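J.:
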Amino acid sequence: FAQGPTVLKDIAHARAKESDRISDLRRELLKVGADIKETPDRLIITPRPSYRSGVLLDPHQDHRLAMAFAILGLRIGVRVRDIGCVAKSYPAFSADLQRLFK
Numbered sequence: 002f003a004q005g006p007t008v009l010k011d012i013a014h015a016r017a018k019e020s021d022r023i024s025d026l027r028r029e030l031l032k033v034g035a036d037i038k039e040t041p042d043r044l045i046i047t048p049r050p051s052y053r054s055g056v057l058l059d060p061h062q063d064h065r066l067a068m069a070f071a072i073l074g075l076r077i078g079v080r081v082r083d084i085g086c087v088a089k090s091y092p093a094f095s096a097d098l099q100r101l102f103k
């Protein structure tokens, strides 16, 4: 939702975590219609005027991706498969997020 391209650089280390976060993030954001380019150590995300809502995003058991997708859902209305995986690092995430938006 930036005004210009967002560049995440020097992120190659994120390929060897719970999942390949770079590829998984790109794959899932493409589902909502994001303009996103992947290189070995960066992602370039260019804003679009609109995105698909109602899409089911899969965090691939990665708690960080699940939390990011949940926050994205507040803006464009996506659903997150297995949001419970966030309990690994932030057990109160869903409750805290709901409390912020009551």
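Note that my numbering numbers the sequence shown so that position 76 is 77, with each residue one more than the last. Each residue gets a CB set at the ideal place from its N, CA and C atoms; glycine is no exception. Remember, predicted model here, so these are calculated numbers, not experimental data.
If I measure Cβ to Cβ from residue 16 and keep anything under 6 angstroms in the same chain, skipping five residues before and after, which residues do I get?
T.: Cβ neighbours of residue 16 beyond the five flanking positions: 23.
J.: Quickly, what does DSSP pair residue 36 with across the bridge? List them, please.
T.: In the DSSP output, where bridge partners are listed per residue, residue 36 has 47.
J.: Start and end of the beta strand (DSSP E) containing residue 10?
T.: Run containing residue 10: 7-10, per the beta strand (DSSP E) assignment.
J.: Just the C-alpha distance for residue 75 and residue 14, rounded to the nearest angstrom, thanks.
T.: Whole-angstrom Cα-Cα distance: 28 angstroms.
J.: When you compare the CB positions of residue 8 and residue 53, do they come within less than 8 angstroms of one another, or not?
T.: No, the pair does not count as a contact, with Cβ atoms beyond the cut-off.
J.: Under a Cβ-count criterion, where at least 16 other Cβ atoms within 10 Å of its own Cβ denotes burial, should residue 37 be classed as buried or exposed?
T.: Result: buried.
J.: Within its chain, find whatever has a CB closer than 7 angstroms to the CB of residue 84; leave out the 5 residues flanking it on each side and keep chain order.
T.: If we look at residue 84 and ignore the five residues flanking it on each side, its Cβ neighbours are 67, 71, 95.
J.: Skipping 5 residues on each side, what residues in its chain have a beta carbon closer than 7 angstroms to that of residue 27?
T.: Cβ within range, chain order: 37, 39, 44.
J.: Between the alpha carbons of residue 50 and residue 100, how many angstroms are there, rounded?
T.: Approximately 29 angstroms between the Cα atoms of the pair.
J.: Under three-state DSSP, which class holds residue 87?
T.: Reduced to three states, the DSSP call for residue 87 is helix.
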